[in-house]
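The structure under discussion appears below in the form of structure tokens.
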Amino acid sequence: MLHILSVFIFIHSYCEANGNVIRPNQTSVVLTEGSSITLSCTYDGSAYSLHWYRQMPGSRPEFLLLIMKSSKYVTKADRPHPHMSIKLHDKLVDLEISSAAVSDSAVYYCALQPTVTGT
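Numbering (mature numbering (1 follows the signal peptide of the UniProt record, and there is no 0)), first residue to last: -17 to -1, 1 to 102.
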């Protein structure tokens, strides 16, 4: 008997501060368990680092990954998720989830830390 389980992913972020804006490229995704997905956010302005978080129902947001814009250095959560990775393109930050499970159903947030310039 074949069981199809759905993974529900909602992407939420829209932040604007001092000309820096980050927004998701899609707001919800439904896929079957075992599928791979890339969640993307586009940003404008300058960024020091870009982050991904997720929030499970009834829980607080959980840090997943961070990438430094200049060096591409990646920081992972204390309890990393081996099936998740982060990629940075020109003005795009991706969260790649391979072999998604029902336990990955959550609201995902992208965020940026702006570059501070001046005095």
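For glycine and all other residues, C-beta sits at the position ideal for the given N, C-alpha and C.
Q) Alpha carbon to alpha carbon, how far is Cys24 from Ser32? A) 13 Å
Q | Beta-ladder partner(s) of Asn8, from DSSP | A | Asn8 is not bridged to any residue.
Q: Identify, in the order they occur along the chain, each residue of the same chain with its Cβ nearer than 7 Å to the Cβ of Lys59, setting aside the five sequence neighbours on each side.
A: Leu48
Q: Leaving out five residues on either side along the sequence, give the residues of the same chain with a beta carbon under 8 Å from the beta carbon of Ser19.
A: Excluding residues within five positions, the ones whose Cβ falls inside 8 Å are Glu79, Ile80, Ser81, Ser82 and Ala83.
(Q) Going by DSSP, what residue range makes up the beta strand (DSSP E) through Thr21? (A) Ile20 to Asp27
Q.
Between which two residues does the beta strand (DSSP E) holding Tyr31 run?
A. Ala30 to Gln38
Q. By Cβ distance, which residues of its chain are closer than 6 Å to Asp77, with the 5 residues on each side in sequence left out?
A. Thr21, Ser23 and Lys70
**Q.** Secondary structure of Leu(-16), DSSP reduced to three states
**A.** Note that Leu(-16) scores 43 on pLDDT, short of 50, meaning its location in the model is unreliable; the coordinates nonetheless yield the value given after this. Coil.
Q. How long is the line joining the alpha carbons of Glu45 and Cys93, rounded to whole angstroms?
A. Using only the alpha carbons, I get a separation of about 12 Å.
Q: Note down the Cα distance separating His64 from Asp27, rounded to an integer number of angstroms.
A: Between the alpha carbons of His64 and Asp27 lies a gap of roughly 28 Å.
Q: Check whether the Cβ atoms of Gln9 and Val90 sit closer than 8 Å, and answer yes or no.
A: no
(Q) Just to confirm my understanding: we take Ile2, look at its own chain, exclude 5 residues before and 5 after, and list those with CB closer than 8 Å. What are they? (A) Strictly speaking, residue 2 in this sequence is Gly, with Ile absent from that position. Excluding positions up to five away in sequence, the list reads Asp27 and Gly28.
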